[in-house]
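Just below is one structure, and these are the notes that go with it.
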Amino acid sequence: MTESADPGRRPGRLGVGVVGAGRVGAVLGSALRAAGHAVVGASGISEDSRERIEMLLPGVPNLEVPDVVERAELVLLAVPDDALGPLVAGLAETGAWQPGQLAIHTSGRYGTAVLEPARLGGAIPLAVHPAMTFSGTSLDLARLEGCTFAVTGPAPVLPIGQALVVEIGGEPVIVDEQLRGLYHAGLSHGANHLVVLVAQAAQALEAAGIEAPGRVLAPLLTAALESATRSADARDGMGPGAIAALTGPVSRGDVGTVRRHLAELSALAAASGATDVPDSYTELARGATRRALASHRINDSTAQNLLDALDSATGESRAERNTQ
């Protein structure tokens, strides 16, 4: 671990090495640099990664991973989840980890157990995950302001992770090691499946003759999302939470409209092969019905009528597919 060559660097500033100059690593490296830390090296193999280093980390050398780790006081591991464990273990086998070095990964899936080989080599393990999607451009830097970061690590070093998050404008929250998987599943279910939902809704609108479905969906979905997330934070332990923002036929108990929707979406599936659209509608409508019932938005009789309609549509859809 080399000392910084920058005599003007403020006390407490670290030499940062970015392992994996993808969308996340390059942006966070740039943010740490803007906070006064020195990025001493970055690793990037693909053409996109090399371009990100040039654009977001100008002047930072593109090095092999072992060289980045050797130079750094803080090693930022921003690699795919499945690559993280083998990478950490491989570096440990070569004796790359150094006592007192910070080993920080950005995976939402893992806590610090995956960094155990680094810890045994003397490094200080931390898991710091930004709850944000990244474009890998400078636009992401402004979006870090107020972004939540899940911080996991041994209690004595949690303040280090929290301080780094605050320095780049984020808001740290502590997530227990054993709950990282559930935390990440919740984020992925919300963000990734929201994209799928928009794609399905856009396909239906296009089939209905709408030339710019994104423009039509944007104000509606933005309002729904803002209302739902605001309601999710307002719950007091007894209230309905995000489901308080539910509108539409399920919240009104309008069984006839739900049946019509399913018929139209099934016809779309038959014409286009997009069988995921009615399937998703059915499962989400079931979830909406159960949560609307639990929060007393609808009564038992209305909920049962809705579920019966959904079950009937599912059975009819399966029968149609079996005959094709």
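If you want our numbering, it's the 1-based position in the sequence shown plus 175. We treat Cβ as the ideally placed atom computed from N, Cα and C, and that holds for glycine.
Is DSSP giving residue i helix, strand or coil here?
i	result
Ala-338	helix
Ser-447	helix
Gly-183	Note on Gly-183: pLDDT 46, under 50, position unreliable in the model; the coordinate value appears next. Reduced to three states, the DSSP call for Gly-183 is coil.
Asn-480	helix
Leu-542	Any answer about residue 542 is impossible in this case: the structure gives the chain only from 176 up to 499.
Glu-178	With a pLDDT of 44 at Glu-178, under the threshold of 50, the modelled position of that residue is not reliable, and the figure given next carries that caveat. The answer is coil: DSSP assigns Glu-178 none of H, G, I, E or B.
His-471	coil
Leu-440	helix
Glu-386	coil
Leu-232	coil
Pro-415	coil
Asp-242	helix
Gly-462	helix
Asp-429	coil
Take the Cβ of residue i as the centre, count every other Cβ of all protein chains shown within 10 Å, and call the residue buried at 16 or more, exposed below.
i	result
Leu-481	buried
Ser-218	buried
Ser-221	exposed
His-471	exposed
Asp-451	exposed
Ala-343	First, the residue type needs correcting, since residue 343 is Ile and not Ala in the sequence shown. By the neighbour-count rule (16 or more Cβ atoms within 10 Å), Ile-343 is buried.
Ala-360	exposed
Ser-224	buried
Gly-389	exposed
Leu-203	buried
Met-413	Residue confidence for Met-413 is low, a pLDDT of 45 falling below 50, so the modelled location carries little weight and cannot support an answer.
Ser-476	exposed
Gly-462	exposed
Pro-292	buried
Pro-453	buried
Thr-312	exposed
Arg-208	buried
Leu-395	exposed
Ala-206	buried
His-368	exposed
Asp-483	exposed
Suppose contacts are defined by Cβ-Cβ distances below 8 Å. Is residue i in contact with residue j by that definition?
i	j	result
Leu-249	Leu-277	yes
Asp-256	Arg-294	no
Arg-246	Ala-196	no
Arg-355	Ala-302	yes
Ala-298	Gln-337	no
Ala-271	Pro-241	yes
Val-194	Val-254	yes
Val-289	Ala-325	no
Val-215	Val-191	yes
Leu-421	Ala-379	no
Leu-314	His-280	no
Thr-457	Val-425	no
Ala-201	Leu-238	no
Val-199	Phe-309	yes
Tyr-358	Val-350	yes
Ala-383	Leu-437	no
Ala-478	Leu-468	yes
Ala-407	Ala-398	no
Glu-346	Gly-321	yes
Gly-296	Ala-267	yes
Gly-428	Ile-385	no
Leu-392	Ala-403	no
Thr-327	Glu-352	yes
Comparing the C-beta of residue i with each C-beta of chain B, is any distance below 8 Å?
i	result
Gly-200	Of the chains in the structure shown, none is chain B; there is only one protein chain.
Which residues does DSSP list as the beta-bridge partners of residue i?
i	result
Gly-216	Gly-192
Asn-237	Ala-217
Answer yes or no: the CB of residue i versus the heavy atoms of the ligand FAD, is any distance below 7 Å?
i	result
Leu-266	Of the ligands one can find in the structure shown there are none, so the ligand FAD has no counterpart to examine.
3-residue-minimum beta strand (DSSP E) runs that sit fully inside the stretch 339-382, ordered along the chain: 346-349
Which runs of the alpha helix (DSSP H) spanning at least 4 residues fall entirely within the stretch 184-212, listed in chain order? Counting only runs of 4 or more, we get 198-209.
If we require 3 or more residues per run, which beta strand (DSSP E) segments fall completely within the stretch 244-331? 249-252, 277-280, 299-305, 323-327
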